[in-house]
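S.K.:
Number of protein chains: 4
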Amino acid sequence: MAGGTKRLPRAVREQQMLDAAVKVFSENGYREASMDSIAAEAEISKPMLYLYYGSKDELFSACIERESTRFIEAMSVGFDPSLRQRDQARTVVKEFLRFVDEHRQSWKVLYRVAVGTQTFSHFVSDSRKRVTEMVTELIRAGTTVEGARDIDFELTAVALVGAGEAVADRITEGDVDLETATDLLVGITWRGLKGVGTADVVGD
Amino acid sequence: MAGGTKRLPRAVREQQMLDAAVKVFSENGYREASMDSIAAEAEISKPMLYLYYGSKDELFSACIERESTRFIEAMSVGFDPSLRQRDQARTVVKEFLRFVDEHRQSWKVLYRVAVGTQTFSHFVSDSRKRVTEMVTELIRAGTTVEGARDIDFELTAVALVGAGEAVADRITEGDVDLETATDLLVGITWRGLKGVGTADVVGD
Amino acid sequence: MAGGTKRLPRAVREQQMLDAAVKVFSENGYREASMDSIAAEAEISKPMLYLYYGSKDELFSACIERESTRFIEAMSVGFDPSLRQRDQARTVVKEFLRFVDEHRQSWKVLYRVAVGTQTFSHFVSDSRKRVTEMVTELIRAGTTVEGARDIDFELTAVALVGAGEAVADRITEGDVDLETATDLLVGITWRGLKGVGTADVVGD
Amino acid sequence: MAGGTKRLPRAVREQQMLDAAVKVFSENGYREASMDSIAAEAEISKPMLYLYYGSKDELFSACIERESTRFIEAMSVGFDPSLRQRDQARTVVKEFLRFVDEHRQSWKVLYRVAVGTQTFSHFVSDSRKRVTEMVTELIRAGTTVEGARDIDFELTAVALVGAGEAVADRITEGDVDLETATDLLVGITWRGLKGVGTADVVGD
DNA sequence: CATGAATGAGAATTCATTCAT
DNA sequence: GATGAATGAATTCTCATTCAT
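Residue numbers (UniProt numbering), protein chains in the order written: chain A, 1 to 204; chain B, 1 to 204; chain C, 1 to 204; chain D, 1 to 204.
#1: In the DSSP assignment, find the unbroken alpha helix (DSSP H) run with C:E73 in it and report its ends.
#2: Comparing the C-beta of D:V124 with each C-beta of chain C, is any distance below 8 angstroms?
#3: Among C:H122, C:E43, C:D126 and C:V167, whose alpha-carbon lies nearest the alpha-carbon of D:I151?
#4: Please classify D:A168: does DSSP put it in a helix, a strand, or coil?
#5: Please name the residues in the region 56-73 of chain B whose beta-carbon is closer than 7 angstroms to at least one beta-carbon of chain A, in chain order.
#6: Which class does A:F120 belong to by DSSP, given the choice of helix, strand or coil?
#7: For B:I72, count neighbouring Cβ atoms within 10 angstroms of its own Cβ and tell me buried if that reaches 16, exposed if not.
#8: In whole angstroms, what is the alpha-carbon distance linking B:E47 and A:E173?
#9: Could you give the distance in angstroms between the alpha-carbon of B:L18 and the alpha-carbon of B:L155?
#10: I need the DSSP call for D:P81, collapsed to helix, strand or coil.
#11: Taking Cβ-Cβ distances shorter than 8 angstroms, what residues in chain B pair up with A:T156?
#12: In three-state DSSP terms, what is D:Y52?
#13: Would you mind giving the Cβ-Cβ distance between A:A163 and B:A157, rounded to the nearest angstrom? I have them listed as a contact below 8 angstroms.
#14: Could you give the first and the last residue of the continuous alpha helix (DSSP H) run that contains D:D177?
#15: Under 7 angstroms between beta-carbons, which chain A residues line up against B:A159? List them in chain order, please.
#16: Are A:V24 and A:I44 closer than 8 angstroms when you measure CB to CB?
#17: For the region 106-122 of chain B against the region 58-67 of chain B, are there 3 or more C-beta pairs whose distance is under 8 angstroms?
#18: Is A:A181 close to chain B? Criterion is C-beta to C-beta, closer than 8 angstroms.
#19: Which chain D residues sit within Cβ distance under 9 angstroms of C:D152?
#20: Looking at chain D, is there any beta carbon in it that lies within less than 8 angstroms of the beta carbon of C:Q118?
#21: When we look at the beta-carbon of C:S34 and count the other beta-carbons within 10 Å, is it buried (16 or more) or exposed?
#22: Just to make sure I have the definition right: I need the residues of chain B whose C-beta is within less than 8 angstroms of the C-beta of A:V176. Which are they?
#23: I want to know whether the region 125-140 of chain B touches the region 96-105 of chain B - three or more CB-CB distances under 8 angstroms.
#24: May I ask you to report which of helix, strand or coil DSSP gives B:P9?
#25: Spatial neighbours of D:V77 within its chain, please: CB distance less than 6 angstroms, with the 5 preceding and 5 following residues excluded, ordered by chain position.
#26: Out of curiosity, what's the CA-to-CA distance linking D:G4 and D:Q16?
#27: Spatial neighbours of D:L49 within its chain, please: C-beta separation below 7 angstroms, excluding the five flanking residues on both sides.
#28: Could you work out which residues of chain A lie near B:R130, taking near to mean beta carbons separated by less than 9 angstroms?
#29: Given B:V92, which residues of its chain have a CB within under 6 angstroms of its CB, disregarding the five upstream and five downstream residues?
#30: Using a Cβ-Cβ cutoff of less than 6 angstroms, which residues in the same chain neighbour D:D204 once the five nearest sequence positions on both sides are dropped?
#31: Would DSSP call B:G187 helix, strand or coil?
#32: Less than 8 angstroms between CB atoms is the rule here; does B:E32 satisfy it with respect to chain A?
#33: Can you find the residues in the same chain that come closer than 7 angstroms, C-beta to C-beta, to B:G29, ignoring five residues on each side of it along the sequence?
#34: List the residues of chain C whose Cβ lies closer than 7 angstroms to the Cβ of D:G29, in chain order.
#35: If A:S26 and A:V124 are in contact, beta carbons under 8 angstroms, what's the gap, nearest whole angstrom?
#36: Give me the Cα-Cα distance between C:D101 and C:E65, rounded to the nearest whole angstrom.
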């Protein structure tokens, strides 16, 4: 029972494999990660990998699915309709950064590995598009400025999402205080909200 | 018989090959791009690639070098010390976005492909770090807010750079007006400048 | 469909591969032997070769190791300290020639192929040096002639070893009686012993 | 006229190329020597090599031919029918070793490189066979021992030739006095003559 | 259920050899 | 006559994938 070929229930095995796969994929990239190394990391045989997941593509797909589900679930914690808009934004941003901080591999495999593949990049861009749309609506709702066009809202959202991803990357790299990063991102976002459509009027 | 097997002077062939390589690398990623397909794209034989560039690594390296030189040169056009700080920022951002718009492959190969490799990612991160440092200094210089810490400046810069990259990506994807995107980015940057260190005090 | 794609235990396959490799290497030389042809000879696929031996170099290395072990073991049969010096010499020479006769490929791969490589020639020269040193000592011990210098002993040994190798080659080529060849070699050796240092005095 | 593309008479060019080829072949072996490196060594272009020699095989062939001619010519210096048999043997052996000493590349390319090829090894074995036959006749002529069979003479010659080659190798490797080596080889040869057919009767 | 054994297909790289100028 | 430019044909090596046990 200690170190042999344990016979584990399917669900446990599956997670074990995905854990290994996410680790190896996130550290090496899709192409560089070999099924051999994943099997080794999971301490099972390659045929098991194929039995459970069919192919490298499908295994990667399963990784993406699990990680993005986790991601979304983590985010949903932040949604509290009773909060004022700004507090809600802050909570979401904080949950986002906390997730990245606590699940660096998830972040990497989703936003830095999948994004670089031909087959799965659409997954990330889709998800990114959804987030951007949400942010777009947030901005639109929080802005009263006249003369703002759709594209202004959308691009602002794109920029803010990009800012968030960059800060997220910075968090995976070293010791950045979550609170500080959150304040910063929310600050920019908030100020971003106010400026839409007036970019070159506001200012000095 | 089809495309013309001419004898071209070395310099010309070199550019031809790099053109093909940048195209294929930018569309497929480093690993996914085969020397075969690059040779086919350049309408030459594989040995030529090796004769001129030695290895896939070196070919990719040459791509990166050429594209980043082009990039830097394009940027330098924007520097005009006689301009006010804000106008200068606007010019640089505009040149940046113009470059991305006109050289989508350069942008992709540098910021979306090289970044995903083990061997060349440092190239991008180094370059990104330099830009971020510049932006950090810019922000520091343009801010009078009390109580801002180093990390505040740095993270703000990181966020702004991230925003810029996201907008750049958006530009490669579809028809976004450069002027609009520039205004937006400059607007956020400018407002960003003012908010450092006061993130959660400023506001409604 | 033709030769039987059986699943063999590792140890068996290893020998099968080495058999094929030794055959192909000994017949074609190191560079001329392709992994393809070795795989074909072994009736397995190329990846097996790499799975078991990692690289062409290592495969060749394994050949050398196995064959030289066999060689040394065969030689050690001949050592019988209870025999008089000359009888011992005779036994060793006989075992040597018998080995060459019965393992022509071993002889070729060791002394005619490995010797021609940049990477493995040292292996043969080292082994040859050891044998030569042994013979040198043998000669020194068996000689009472005055005035012999170290270089005389050493060169004599070199010559005798060379004679042995030449006779060995002759044996691999055609039907030479082992007994005859042994007598001859021992005869020369024995007379060699007596002549050291007196080369141009002895004689007619 | 100092460093450019001199237009040299054919004969000079040919020698220049062969010099380079012999050097590169002798240092690297047949397969390891590339036409590129030979052309570089000869300071001419590859097409010239092909113009003059047609193919790598033919170039190597030309090397062998030139070197073996030189070898034979050097040997023939030693033949002086007016000398006593033994003095003649001594002269030949000396010339042989002197040649090897002064033309190490010739020796290597002939006896250590060509011998390792499939295509040219026969050249060496043929030449070796001729020398061996000569030595066989020498021995036969110089021996009065009863009961010696053809195979005894032949094998003795084979052994002596092998001894000679081994000593030659030793000479290419380091500082061995030619006189010493000659004495030694002649000594063994001479004593070899006396022992033919009586190998196991002679002795202690 | 589990896996050691095996491979087809393709990728990078090298080299002898040949044109077009 | 001489060469820079170019390539066809191998060769080594890797990897996702699949059976036989």
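For glycine and all other residues, C-beta sits at the position ideal for the given N, C-alpha and C.
M.R.: On the basis of the data shown:
#1: Looking up residue 73 of chain C in the third sequence gives position 73. Note, C:E73: alpha helix (DSSP H), K56 to V77.
#2: Translated into the one-based positions of the fourth sequence, residue 124 of chain D becomes position 124. D:V124 is outside the set of residues whose beta carbon lies under 8 angstroms from a beta carbon in chain C.
#3: Start at 1 with the first residue of the fourth sequence, and residue 151 of chain D comes out as number 151. Among C:H122, C:E43, C:D126 and C:V167, the Cα nearest to that of D:I151 belongs to C:V167.
#4: Taking the fourth sequence and counting its residues from 1, the one referred to as residue 168 of chain D is at position 168. Reduced to three states, the DSSP call for D:A168 is helix.
#5: With the criterion set as a beta carbon lying under 7 angstroms from some beta carbon of chain A, the region 56-73 of chain B has no members that meet it.
#6: As a first step, residue 120 of chain A is located in the first sequence; it is residue number 120 there, counting from the start. Secondary structure of A:F120 (DSSP, three-state): coil.
#7: Within the second sequence, numbered from 1, the residue matching residue 72 of chain B stands at position 72. Classification of B:I72: exposed, given that the 10 Å Cβ count is below 16.
#8: Counting from one through the second sequence, the residue named residue 47 of chain B turns up at place 47. Counting from one through the first sequence, the residue named residue 173 of chain A turns up at place 173. What sits at residue 47 of chain B in the sequence shown is Pro, not Glu. Between B:P47 and A:E173, the alpha-carbon positions lie close to 41 angstroms from each other.
#9: Counting from one through the second sequence, the residue named residue 18 of chain B turns up at place 18. Counting from one through the second sequence, the residue named residue 155 of chain B turns up at place 155. When rounded, the distance between both Cα atoms is 36 angstroms.
#10: What you label residue 81 of chain D is simply residue 81 of the fourth sequence in a count that begins at 1. In the structure shown, D:P81 sits in coil (DSSP, three-state: anything other than H, G, I, E or B).
#11: Here residue 156 of chain A refers to the residue found at position 156 when the first sequence is read from its first residue. Chain B residues near A:T156: L184 and I188.
#12: As a working mapping, residue 52 of chain D is identified with position 52 in the fourth sequence. Three-state result, D:Y52: helix.
#13: Within the first sequence, residue 163 of chain A is the residue found at index 163, counting from 1. Within the second sequence, residue 157 of chain B is the residue found at index 157, counting from 1. Rounded to whole angstroms, the Cβ separation of A:A163 and B:A157 is 10 angstroms, and the two are not in contact under 8 angstroms.
#14: For this step, residue 177 of chain D is matched to residue 177 along the fourth sequence. Careful: D:D177 lies outside any alpha helix (DSSP H) and carries neither H nor E.
#15: Working through the second sequence from its first residue, we reach residue 159 of chain B at position 159. By Cβ distance, chain A contributes A163, A166, V167, L184, L185 and I188.
#16: Position 24 of the first sequence, counted from the start, is the residue given in the question as residue 24 of chain A. Position 44 of the first sequence, counted from the start, is the residue given in the question as residue 44 of chain A. Contact: no.
#17: At 8 angstroms Cβ cutoff, the stretches touch.
#18: Here residue 181 of chain A corresponds to residue number 181 of the first sequence, with the count starting at 1. Chain B contact via Cβ: present.
#19: Numbered from 1 along the third sequence, position 152 holds the residue referred to as residue 152 of chain C. For C:D152, the chain D residues whose Cβ falls inside 9 angstroms of its Cβ are T180, D183 and L184, in order along the chain.
#20: What you label residue 118 of chain C is simply residue 118 of the third sequence in a count that begins at 1. By the rule that beta-carbons nearer than 8 angstroms mark a contact, C:Q118 touches chain D.
#21: Counted from its first residue, the third sequence places residue 34 of chain C at position 34. Answer is exposed; the Cβ neighbour count stays below 16.
#22: Within the first sequence, the letter at position 176 stands for residue 176 of chain A. Against A:V176, the close residues of chain B are I151 and L155, in the order they occur along the chain (beta-carbon pairs closer than 8 angstroms).
#23: Contact between the region 125-140 of chain B and the region 96-105 of chain B is absent, because fewer than three Cβ pairs lie under 8 angstroms.
#24: Start at 1 with the first residue of the second sequence, and residue 9 of chain B comes out as number 9. Collapsing the DSSP output to three states places B:P9 in coil.
#25: If you number the fourth sequence from 1, residue 77 of chain D lands on position 77. Here D:V77 has E95 as same chain residues with Cβ atoms under 6 angstroms from its own Cβ, once five neighbours each way along the sequence are excluded.
#26: Your numbering for residue 4 of chain D matches position 4 in the fourth sequence. Your numbering for residue 16 of chain D matches position 16 in the fourth sequence. In this prediction, D:G4 has a pLDDT of 43, which is less than 50 and means its spatial position is unreliable; what the coordinates show is noted afterwards. Straight through space, the alpha carbons of D:Q16 and D:G4 are spaced by roughly 15 angstroms.
#27: For the purposes of this step, residue 49 of chain D is taken as residue 49 along the fourth sequence, with counting starting at 1. Taken in chain order, the residues that qualify are M17, M35, I38, A39 and L59.
#28: Indexing the second sequence from 1 puts residue 130 of chain B at position 130. Per Cβ cutoff of 9 angstroms: no residues; B:R130 is ~15 angstroms from chain A at best.
#29: Start at 1 with the first residue of the second sequence, and residue 92 of chain B comes out as number 92. So the qualifying residues of the chain are G78.
#30: Here residue 204 of chain D refers to the residue found at position 204 when the fourth sequence is read from its first residue. For D:D204, the predicted structure reports a pLDDT of 37, less than 50, and the residue's modelled location is therefore unreliable. A value from the coordinates is still provided. Hits under 6 angstroms: none found.
#31: Locating residue 187 of chain B in the second sequence gives position 187, where the first residue counts as 1. In the structure shown, B:G187 sits in a helix (DSSP, three-state: H, G or I).
#32: Reading the second sequence from its first residue, position 32 is the one you call residue 32 of chain B. Using beta-carbon distances, B:E32 counts as an interface residue toward chain A, with a partner under 8 angstroms.
#33: Counting from 1 along the second sequence, the entry for residue 29 of chain B is found at position 29. The answer, listed in chain order, is V113 and G116.
#34: The residue labelled residue 29 of chain D in the question sits at position 29 within the fourth sequence. In chain order: G116.
#35: Here residue 26 of chain A refers to the residue found at position 26 of the first sequence. Here residue 124 of chain A refers to the residue found at position 124 of the first sequence. Not a contact, Cβ separation roughly 14 angstroms.
#36: One-based indexing of the third sequence puts residue 101 of chain C at position 101. One-based indexing of the third sequence puts residue 65 of chain C at position 65. C:D101 and C:E65: Cα-Cα distance of roughly 19 angstroms.
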